[in-house]
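Asks: Residue numbers (this note's numbering): 77 to 306. Cβ atoms here follow ideal geometry from the backbone N, Cα and C, with glycine treated the same way. Can you read through this structure? Questions will come right after.
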């Protein structure tokens, strides 16, 4: 029998809206898990918690004389444990860079929101929803405007007969104001191309100067500058 009772419907609607707001921010940033993924995670978590919190409505034949006690916290534990497998799928490593950590954290957060909406803790859920959006949107703006150094992965390919030595490469980075570590070399294209790879820490302005110098260097065949942050 269909029962459109407020204590069953409002948690689901709240999770649909709350998860959608977080997913919209991730979708706008072009992240691997966006609007649909976040909405589904939050919505499903809420539905499972609503079902767990109202186990007395299930069509279950109880043993006469037995006292059955429902424990919705077991469902919450299962949701937050299981979501870890989904979060692991959006984290990947590219060279020295690990990406997807913020998206994984946002998936974990919307699963927690779904649990809160599903248990009817609307005040905590709404405040948490707003704070998650503040972290994803507001703190990103602060992060982009902080006067701090950024971490990048630099890969530069030179013609072998014009390539600098390790010492010359590091010295050039230092002259441009870039800290250089994790230096590695690779010989490719049947010995015609020498690749230097390194982890670089520098201000954003120094990174722009570095890119301009590499672009103007005739010995550089190609280069890649990859941010290490998410």
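What does the alpha-carbon distance come out to for the pair residue 264 and residue 276?
Replies: Numbered from 1 along the chain shown, position 188 holds the residue referred to as residue 264. Numbered from 1 along the chain shown, position 200 holds the residue referred to as residue 276. When rounded, the distance between both Cα atoms is 22 Å.
Asks: In this structure, what does DSSP give as the bridge partners for residue 300?
Replies: Translated into positions along the chain shown, residue 300 becomes position 224. In DSSP, residue 300 forms a bridge with 231.
Asks: Name the DSSP bridge partner or partners of residue 226?
Replies: Within the chain shown, the letter at position 150 stands for residue 226. DSSP lists 278 as partners of residue 226.
Asks: Count the other CB atoms within 10 Å of the CB of residue 168; is the residue buried (16 or more) or exposed (fewer)?
Replies: The sequence position of residue 168 within the chain shown is 92, counting from 1. Under this definition residue 168 is an exposed residue.
Asks: By DSSP's criteria, residue 260 is part of a beta bridge. Which residues make up the other side?
Replies: As a working mapping, residue 260 is identified with position 184 in the chain shown. Beta-bridge pairing links residue 260 to 273.
Asks: Does the segment 82–95 come within contact of the segment 181–198, defined as at least 3 CB pairs closer than 8 Å?
Replies: Touching, yes.
Asks: So the alpha helix (DSSP H) residue 266 belongs to, where does it begin and stop?
Replies: On the chain shown, position 190 is the one that residue 266 refers to. Per DSSP, residue 266 belongs to no alpha helix (DSSP H) and is neither H nor E.
Asks: Could I get the ranges of all uninterrupted alpha helix (DSSP H) runs contained in the segment 158–225, with 4 residues as the minimum, in chain order?
Replies: DSSP runs (the alpha helix (DSSP H)) wholly in the segment 158–225: 177–194, 198–209, 215–221.
Asks: Is the segment 292–303 in contact with the segment 230–249, if contact means three or more CB pairs nearer than 8 Å?
Replies: Taking 8 Å as the limit for Cβ pairs, the verdict is that the segment 230–249 does touch the segment 292–303.
Asks: Alpha carbon to alpha carbon, how far is residue 211 from residue 259?
Replies: As a working note, residue 211 is residue 135 in the chain shown. As a working note, residue 259 is residue 183 in the chain shown. Each residue's alpha carbon lies about 34 Å from the other.
Asks: Got a sec? Which residues, its chain only, sit under 6 Å from residue 152 by beta carbon, not counting five neighbours each side?
Replies: For the purposes of this step, residue 152 is taken as the residue at position 76 of the chain shown. Taken in chain order, the residues that qualify are 191.
Asks: Alpha helix (DSSP H) containing residue 250: first to last residue?
Replies: Within the chain shown, residue 250 is the residue found at index 174, counting from 1. Start and end: 242–251.
Asks: What are the boundary residues of the alpha helix (DSSP H) that includes residue 112?
Replies: Start at 1 with the first residue of the chain shown, and residue 112 comes out as number 36. Per DSSP, residue 112 belongs to the alpha helix (DSSP H) from 111–129.
Asks: Need the endpoints of the alpha helix (DSSP H) that residue 95 sits in, please.
Replies: Here residue 95 refers to the residue found at position 19 when the chain shown is read from its first residue. Counting along the chain, the alpha helix (DSSP H) containing residue 95 begins and ends at 82–104.
Asks: Pair every Cβ in the segment 193–200 with every Cβ in the segment 120–128, then say whether three or more of these pairs are closer than 8 Å.
Replies: Because the criterion of three Cβ pairs below 8 Å is met, the segment 193–200 and the segment 120–128 touch.
Asks: Determine, using beta carbons only, whether residue 236 and residue 290 come nearer to each other than 8 Å.
Replies: Residue mapping note: residue 236 aligns to position 160 of the chain shown, counting from 1. Residue mapping note: residue 290 aligns to position 214 of the chain shown, counting from 1. Against a cut-off of 8 Å, the Cβ pair of residue 290 and residue 236 comes out as no contact.
Asks: For residue 94 and residue 284, I'd like the C-alpha separation in whole angstroms.
Replies: The residue you call residue 94 lines up with position 18 of the chain shown. The residue you call residue 284 lines up with position 208 of the chain shown. Those two C-alpha atoms are separated by around 38 Å.
Asks: For residue 155, which residues of its own chain have a beta-carbon under 7 Å away from its beta-carbon, when the five flanking residues on both sides are left out?
Replies: What you label residue 155 is simply residue 79 of the chain shown in a count that begins at 1. Correct list, in chain order: 121, 124, 187, 191.
Asks: Residues in its own chain within less than 6 Å of residue 163 by CB, not counting five upstream and five downstream?
Replies: Position 87 of the chain shown, counting from 1, holds the residue named residue 163. So the list reads 180, 183, 184, once near-sequence residues are dropped.
Asks: Alpha carbons only, please: which of 274, 279, 118 is nearest the one belonging to residue 252?
Replies: Position 176 of the chain shown, counted from the first residue, corresponds to residue 252. Looking at the Cα atoms, 279 is the closest of the given residues.
Asks: With distances taken between CB atoms, is the gap from residue 208 to residue 117 smaller than 8 Å?
Replies: The residue given as residue 208 occupies position 132 in the chain shown. The residue given as residue 117 occupies position 41 in the chain shown. Taking 8 Å as the Cβ cut-off, residue 208 and residue 117 do not qualify as a contacting pair.
Asks: Leaving aside the five residues before and after residue 205 along the sequence, list all residues of the same chain whose C-beta is less than 7 Å from its C-beta, in chain order.
Replies: Within the chain shown, residue 205 is the residue found at index 129, counting from 1. Cβ within range, chain order: 94, 97, 189.
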